[in-house]
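Numbering of the sequence shown is given in the numbering used here, commencing with residue 3 and proceeding in unit increments.
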Amino acid sequence: MKKMLTLITLVLLSWASCLVQTFADTKVKVIKIDGSSTVFPITEAVAEEFQKKYPNIKVMVGISGTGGGFKKFCRGETDISDASRPIKPQEVDVCKENNIEYIELPVAYDGLAVVVNPKNNWVNYLTVKELKKIWEPSSQGVVTKWSQVRQGFPDKEIRLFGAGTDSGTFDYFTEAICGKSGSSRGDYTASEDDNVLVEGVANEPLALGYFGVAYYEVNKEKLKVVPIDDEDESNGKGPVAPTLETVRSGTYQPLSRPIFIYVSTKASQQDEIKKFVEFYLKEAKNLVVEVGYIPLQDEAYQAALERFQKGIVGSVFGGKGAQVGVRMDELLRRER
Numbered sequence: 003m004k005k006m007l008t009l010i011t012l013v014l015l016s017w018a019s020c021l022v023q024t025f026a027d028t029k030v031k032v033i034k035i036d037g038s039s040t041v042f043p044i045t046e047a048v049a050e051e052f053q054k055k056y057p058n059i060k061v062m063v064g065i066s067g068t069g070g071g072f073k074k075f076c077r078g079e080t081d082i083s084d085a086s087r088p089i090k091p092q093e094v095d096v097c098k099e100n101n102i103e104y105i106e107l108p109v110a111y112d113g114l115a116v117v118v119n120p121k122n123n124w125v126n127y128l129t130v131k132e133l134k135k136i137w138e139p140s141s142q143g144v145v146t147k148w149s150q151v152r153q154g155f156p157d158k159e160i161r162l163f164g165a166g167t168d169s170g171t172f173d174y175f176t177e178a179i180c181g182k183s184g185s186s187r188g189d190y191t192a193s194e195d196d197n198v199l200v201e202g203v204a205n206e207p208l209a210l211g212y213f214g215v216a217y218y219e220v221n222k223e224k225l226k227v228v229p230i231d232d233e234d235e236s237n238g239k240g241p242v243a244p245t246l247e248t249v250r251s252g253t254y255q256p257l258s259r260p261i262f263i264y265v266s267t268k269a270s271q272q273d274e275i276k277k278f279v280e281f282y283l284k285e286a287k288n289l290v291v292e293v294g295y296i297p298l299q300d301e302a303y304q305a306a307l308e309r310f311q312k313g314i315v316g317s318v319f320g321g322k323g324a325q326v327g328v329r330m331d332e333l334l335r336r337e338r
């Protein structure tokens, strides 16, 4: 009987040991991503497809805005940072202080949509000068009515909705429209979550707001997009609405831009990160379209993949933050 009990005990111990080893072999690995609400739909779509192929790798994607994402990334709290603009000098400095090196990878092209409520029947287009008049810092508490924007507009209050200060969209919009990144009036409803802005404009007849064109594309039935006239007589385009075609061709200016992910070089050494980023760059072309963005050229994705595999650190934008008017062909040349 003792021999039998000893044998059973040994079998049970061996079985338990196998279970422990099996659990260790199948332990879920986690990839931590945070940052831009604009890039979020792309990264989320990639993560969903990736996890179907690699069920033992969990991809956690947060939204804290481009600036908020870089704060976490430069402290070493995340592996990848979604960004709707290039990294800024102060963020470069914080990364250096914490010995965080990064690989900058463009993933798509985006346009910023200026929108009003569908009940707005007076705005058919706006010029860049008019947008500046609405949004520049000196307009706070001064330009408060539609009639102050253009003669013939109604004498009614403007209700403004725009990106929060931690958003890369905020940095880019203020650079493109007001001439300086971060230069904006502060008396508006702000959020790093574009869905909040969509609902704000959709529920306010006197509203005007701006956010990534993909959020407009999926909410067309409750928003009215505003064509923008860049007042550049040399191109003879006049007011241009943001569409996949006008953003792709570069005719929608100055509110078109590339968007990115930044990968920690330390994290890139991990097998799960390597698999995810390579999957991202290989599958992005199709998934980007599915969520309403504009894919880069095949050559640009290949250049980005090579950049990642070679571990080329830094930013092709020199760590200077948002830059206006970067076209697809120029982005491709910079990648090379």
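Think of the CB as a built atom: it goes at the ideal place given N, C-alpha and C, for glycine as much as any other residue. Quick caveat: nothing in here was measured; it's all calculated off a predicted structure.
8 Å or more divides the Cβ of I89 from the Cβ of I33. When secondary structure is reduced to three states using DSSP, P120 falls in the coil class, being assigned neither helix nor strand. Of the residues assessed, D95 falls on the exposed side of the cut-off, its CB having fewer than 16 other CB atoms within 10 angstroms. Separation of F319 and N123 (C-alpha to C-alpha, rounded to the nearest whole angstrom) is 41 Å. For T191, the enclosing beta strand (DSSP E) covers residues 191 to 193. The continuous alpha helix (DSSP H) containing P91 extends over residues 91 to 99.
Under the 8 Å Cβ criterion, the segment 292 to 300 counts as touching the segment 105 to 115, having at least three qualifying pairs.
When secondary structure is reduced to three states using DSSP, L246 falls in the helix class. For F155 and E233, the gap between their C-alpha atoms comes out near 20 Å. Excluding residues up to 5 positions away in sequence, I59, E274 lie with their Cβ nearer than 6 Å to the Cβ of K31 in the same chain. Between the C-alpha atoms of G67 and D168 there is a straight-line separation of about 5 Å. For N221, the closest C-alpha among the options G69, D36, L128, V118 is that of V118.
By the neighbour-count criterion, in which a residue is buried when 16 or more other Cβ atoms sit within 10 angstroms of its Cβ, G202 is buried.
If the five residues before and after A216 are omitted, its C-beta is found closer than 8 Å to the C-beta atoms of T40, P43, D112, V293, G294, Y295, all from its own chain and listed in chain order. DSSP, read as helix, strand or coil, puts Y212 in strand. I105 is bridged by DSSP to V265, G316. Boundaries of the alpha helix (DSSP H) harbouring D196: 196 to 204, taken from the DSSP string. Boundaries of the alpha helix (DSSP H) around I44: 42 to 55.
Using a Cβ-Cβ distance cut-off of 8 Å, the segment 245 to 265 and the segment 73 to 87 are in contact, since at least three pairs of beta carbons, one from each stretch, lie closer than that value. Less than 8 Å divides the Cβ of T176 from the Cβ of S185. In the three-state reduction of the DSSP assignment, P260 falls in the strand class, which pools E and B.
Of the candidates G188, N197, D173, E194, D173 places its Cα closest to the Cα of K182. Across the set A243, I105, K98, the C-alpha of I105 shows the shortest separation from the C-alpha of S270. Selection G240, K147, F281 evaluated against F52 yields F281 as nearest (Cα-Cα). Across the structure, F278 and N288 are spaced so that their CA atoms are roughly 16 Å apart. Rounded to the nearest angstrom, the Cβ distance from K121 to P207 is 4 Å, consistent with a contact under 8 Å. With respect to the 8 Å criterion, I65 and E194 are classified as neighbours on the basis of their beta carbons.
In this structure G188 is exposed. Its beta-carbon is surrounded by fewer than 16 other beta-carbon atoms within 10 angstroms. Under DSSP, F163 shares a beta bridge with T191, G211.
Here DSSP, grouped into helix, strand and coil, assigns L298 to coil. With respect to F163, G211 sits close: the two C-beta atoms are nearer than 8 Å. By the C-beta density criterion, R152 is exposed, having fewer than 16 other C-beta atoms within 10 angstroms. In this structure, N100 sits away from G70, with a CB-CB distance that is not shorter than 8 Å.
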